[in-house]
Amino acid sequence: MVHGHSLLHVVASLLILGLSGATKKEAVKNNSGVQPAGQCGTWVKEPEGGLFTSPNYPNKYPPERECIYIIEAAPKQCIDLYFDEKYSIEPSWECKFDHIEVRDGPFGFSPIIGRYCGQQSPPYIRSSGRYLWIKFVADGELEATGFSATYNFTPDPDFKDLGVPKPLPFCEFEMGGPEGIVESQQISRDGKALQTEAVDCKWYIRAPPRSKIYLRFLDYEMQNSNECKRNFVAVYDGSSSVEDLKSKFCSTVANDVMLVSPLGVIRMWADEGSRRSRFQILFTTFQEPPCEADTFFCHSNMCINNSLVCNGVQNCVYPWDENHCKEKRKANILDNLNNTNGTIIGVTCCIVIILLIVSVIVQIKQPRKKYIIRREDFDPTMFQEVFEPPHYELCTLRSAAAPAELVDLADDLENYHKLRRSSSRCIHDHHCGSHVSSLKGSRSNLSARDAAVLTDVQPQPVRPLLPPSNRRSILVMKHSYSQDAADGCDLDDDLEEVPTTSHRLSRHDKAVQRLLEYSAILDEYEQAAMNYENMDRRYTPA
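Residue numbers 1172 to 1713, in the working numbering, belong to the letters of the sequence shown in order.
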């Protein structure tokens, strides 16, 4: 007998669970509702549709009444709405008084389908999506019978190519505490649905009694923006019924939401082609002022838990809870430094700076050192006219075997000096000396030494100047008249005493100029010799 009673209890429990599961399943299919509940007539819900009426139908509806009916279909379905022929609402111009207003969506700002009144019932209405919003308004005068409307759910034509919709997986979450994160990644992380399945998930956030909930979006993106049939995030305040729908987001922006009840519901719908839609919401439970001792005042009629202050997350509407948190923030590496560590770091930095300065100085001096080292490798015979002073070059040439043409040129210049001295004296004696003697004996008036010079020195043919490209010959000619400097030069002088290249080139140019002057004098000498020879012929006896 005891076993029989136990078996009956088990069967009864299973039946209760099955009925509750069926009711829950039906509630998902027909999640429609009315506001205010219990004051707006009859509402009968069925899995595939339902029926609702005006207050007191079929009797006259009461005055001063406003009722809102929101019908919600299952995903990928739409709604067909029919009004009964027994219909009567106070008629008026443009239905400004008693009327029925139908909108295509879940809100009072959804696109309007029509406003109806009078004795003729409204036409058949089909929604474009999952929702219909109906409002019945009665003023204080001239009541009438009212209305009765039936609705049923039908497949959405936009999804007819997808065939029969697959059953949706069960997907619900329970959240609580002073704060928390609600995010779409929980669906895959907790194994609620596969990535290829459509989802219709709900998160229930429960706050302590007399508390409210503040929702702040941290991340939000819909894969198919502005297509609410395919993906959206909805927020309910108080329950998951459609009449408690607070906000619905399916575009590109989602705003923060303030709930006034201790129960908040977040719902995400995404079909198979919208599973990359995502969101992340931070919820914070709070109470209205006056704040208790263990709470923090947010300056926006919010009293949050003290544990949320300076936690690195903004829990207030404005960041009052994260201001002036330097002394409470988590210590970082700079806070852990003491005097010893600071000294070590400072000394290390100084050493690095000194090494950098030394490196820069070395780099600046390095090209000069390379030049001095490489200068010893130069061939003096190739670069003598540039890197050696003229007197050093003259000493080198004198010590070595001088080229034959340079020696000849030096001899020519020496002979030129002798001829110039003798010719100058002869011409002076001839013009200024004695006219006493006859022209025939003028030649005998010259001194015996001068005559000997003239006898010994014969006119030499003028050698052409060396080509300008032979700069070494020019330098030697310049120093053929400065024997003192040549005798005093030291071939073993250090290279460090060598003048700069620009100075040597300047002296070289002066030597060329002097050579040109000597050439002009040589021309004068040649002309004087020719004149002397002519005069000598004229005064010589026949």
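The C-beta atom is built at its ideal place from N, Cα and C for all residues, glycine as well.
*Let me know if Pro1380 comes out buried or exposed under the rule of 16 or more other beta-carbons within 10 Å of its beta-carbon.*
Residue numbering aside, residue 1380 sits at position 209 when the sequence shown is read from its first letter. Result: exposed.
*May I ask you to report which of helix, strand or coil DSSP gives Thr1224?*
Within the sequence shown, numbered from 1, the residue matching residue 1224 stands at position 53. Correct three-state label for Thr1224: strand.
*Should Thr1511 be labelled buried (16 or more other beta-carbon atoms within 10 Å of its own) or exposed?*
Walking along the sequence shown from the start, residue 1511 turns up at place 340. Exposed, since its Cβ has fewer than 16 Cβ neighbours within 10 Å.
*Please list, in chain order, all residues of the same chain as Asp1694 whose beta carbon is under 6 Å from its beta carbon, the five residues on each side excluded.*
Counting from 1 along the sequence shown, the entry for residue 1694 is found at position 523. No residues qualify anywhere along the chain.
_Uninterrupted alpha helix (DSSP H) stretches inside the segment 1216 to 1299 (no shorter than 4 residues)_ = Counting only runs of 4 or more, we get nothing.
*Among Phe1278, Ile1305 and Phe1268, which one has its Cα closest to the Cα of Gly1285?*
Within the sequence shown, numbered from 1, the residue matching residue 1285 stands at position 114. Residue Ile1305 is the option with its Cα nearest to Gly1285.
*Closer than 7 Å by C-beta to Phe1324: which residues in its own chain qualify, once you throw out the five before and the five after it? Chain order, please.*
Taking the sequence shown and counting its residues from 1, one reaches residue 1324 at position 153. Same-chain partners within the cutoff: Glu1219, Gly1220, Ala1244, Ala1245, Gln1248 and Ile1250.
*Residue from Lys1363, Gln1698 and Tyr1302 whose Cα sits closest to the Cα of Trp1374*: Translated into positions along the sequence shown, residue 1374 becomes position 203. Checking every option, the nearest Cα to that of Trp1374 belongs to Lys1363.
*At what residue ranges does the segment 1314 to 1348 contain a whole run of the beta strand (DSSP E), taking only runs of 3 or more?*
Qualifying beta strand (DSSP E) stretches, in chain order: 1319 to 1326 and 1343 to 1347.
_Collapsed DSSP secondary structure at Thr1514 in the structure displayed_ = Here residue 1514 refers to the residue found at position 343 of the sequence shown. Residue state, collapsed to three classes: helix.
*asked:* Helix, strand or coil for Gln1458? Go by DSSP, reduced to three states.
replied: By 1-based counting over the sequence shown, the position of residue 1458 is 287. Strand at Gln1458.
*May I ask whether a heavy atom of the ligand GTP can be found less than 7 Å away from the beta carbon of Lys1337?*
The model on display carries no ligand, and the ligand GTP is accordingly not part of it.
*With 16 other Cβ atoms within 10 Å as the buried cut-off, status of Met1172*: In the sequence shown, residue 1172 corresponds to position 1, counting from 1. For Met1172, the predicted structure reports a pLDDT of 42, less than 50, and the residue's modelled location is therefore unreliable. A value from the coordinates is still provided. Met1172 comes out exposed.
_Quick check: what's the CA-CA separation for Val1452 versus Pro1207?_
Walking along the sequence shown from the start, residue 1452 turns up at place 281. Walking along the sequence shown from the start, residue 1207 turns up at place 36. A small correction: the amino acid at residue 1452 is Ile; Val does not occupy that position in the sequence shown. Going by the C-alpha atoms only, they are around 29 Å apart.
*Buried versus exposed, by CB contacts within 10 Å (16 or more), Cys1469*: Here residue 1469 is taken as the residue at index 298 of the sequence shown, counted from 1. By the 16-neighbour rule on beta-carbons within 10 angstroms, Cys1469 is buried.
*Close beta carbons around Asp1663, own chain, < 7 Å, minus the five adjacent residues each side*: The residue you call residue 1663 lines up with position 492 of the sequence shown. Low confidence applies to Asp1663: its pLDDT is 43, below 50, so where it sits in the model is not reliable, and the reading given next is rough at best. There are no such residues.
*Closest to Val1370 by CA distance: which of Pro1349, Pro1340 and Gly1517 is it?*
Locating residue 1370 in the sequence shown gives position 199, where the first residue counts as 1. Per the Cα distances, Pro1340.
*Identify every residue that forms a DSSP beta bridge with Ala1405.*
Indexing the sequence shown from 1 puts residue 1405 at position 234. In DSSP, Ala1405 forms a bridge with Lys1419 and Arg1438.
*Between which two residues does the alpha helix (DSSP H) containing Arg1360 stretch?*
Start at 1 with the first residue of the sequence shown, and residue 1360 comes out as number 189. It spans Gln1356 to Arg1360 - the alpha helix (DSSP H) in which Arg1360 sits, taken as one unbroken run.
*Inter-residue spacing [alpha-carbon to alpha-carbon] between Gly1409 and Val1431*: For the purposes of this step, residue 1409 is taken as residue 238 along the sequence shown, with counting starting at 1. For the purposes of this step, residue 1431 is taken as residue 260 along the sequence shown, with counting starting at 1. Taking the straight line from one Cα to the other gives about 8 Å.
*asked:* Quick check on Tyr1232: buried or exposed, where buried means 16 or more other Cβ atoms within 10 Å of its Cβ?
replied: Position 61 of the sequence shown holds residue 1232. When all chains shown are included, Tyr1232 counts as buried.
_DSSP beta-bridge partners of Trp1214_ = By 1-based counting over the sequence shown, the position of residue 1214 is 43. In DSSP, Trp1214 forms a bridge with Phe1223.
*Keeping to the same chain, check which residues put their C-beta closer than 6 Å to that of Phe1330; ignore five residues upstream and five downstream.*
Residue numbering aside, residue 1330 sits at position 159 when the sequence shown is read from its first letter. Excluding positions up to five away in sequence, the list reads Lys1247.
*Nearest to Val1436 by CA position, among Glu1345, Gln1290 and Asn1494, is which residue?*
By 1-based counting over the sequence shown, the position of residue 1436 is 265. Comparing Cα-Cα distances from Val1436 to each of Glu1345, Gln1290 and Asn1494, the minimum goes to Glu1345.
*Alpha carbon to alpha carbon, how far is Ile1692 from Lys1681? Give it in angstroms, no decimals.*
Position 510 of the sequence shown, counting from 1, holds the residue named residue 1681. Position 521 of the sequence shown, counting from 1, holds the residue named residue 1692. Spanning the two alpha carbons is a distance of roughly 17 Å.
_Tell me which residues share the same chain as Asp1390 and place their Cβ nearer than 8 Å to its Cβ, disregarding the 5 neighbours each side in the sequence._
If you number the sequence shown from 1, residue 1390 lands on position 219. So the list reads Glu1354, Arg1449, Phe1450 and Gln1451, once near-sequence residues are dropped.
*Spell out the partners DSSP gives Met1429 in its beta bridges.*
Here the question's residue 1429 lines up with position 258 in the sequence shown. Bridge partners of Met1429: Tyr1385.
*asked:* For a test of the three-state rule: what should DSSP assign to Met1701, helix, strand or coil?
replied: In the sequence shown, the residue the question calls residue 1701 occupies position 530. In the structure shown, Met1701 sits in a helix (DSSP, three-state: H, G or I).
*Please work out which residues of its chain come closer than 8 Å, Cβ to Cβ, to Ser1263, disregarding the five sequence neighbours upstream and downstream, and give them in chain order.*
One-based indexing of the sequence shown puts residue 1263 at position 92. Cβ neighbours of Ser1263 beyond the five flanking positions: Asp1269, His1270 and Cys1288.
*In the DSSP assignment, find the beta strand (DSSP E) that holds Ala1309 and state where it starts and stops.*
Counting from one through the sequence shown, the residue named residue 1309 turns up at place 138. Annotation for Ala1309: the continuous beta strand (DSSP E) segment containing it runs Tyr1302 to Ala1309.
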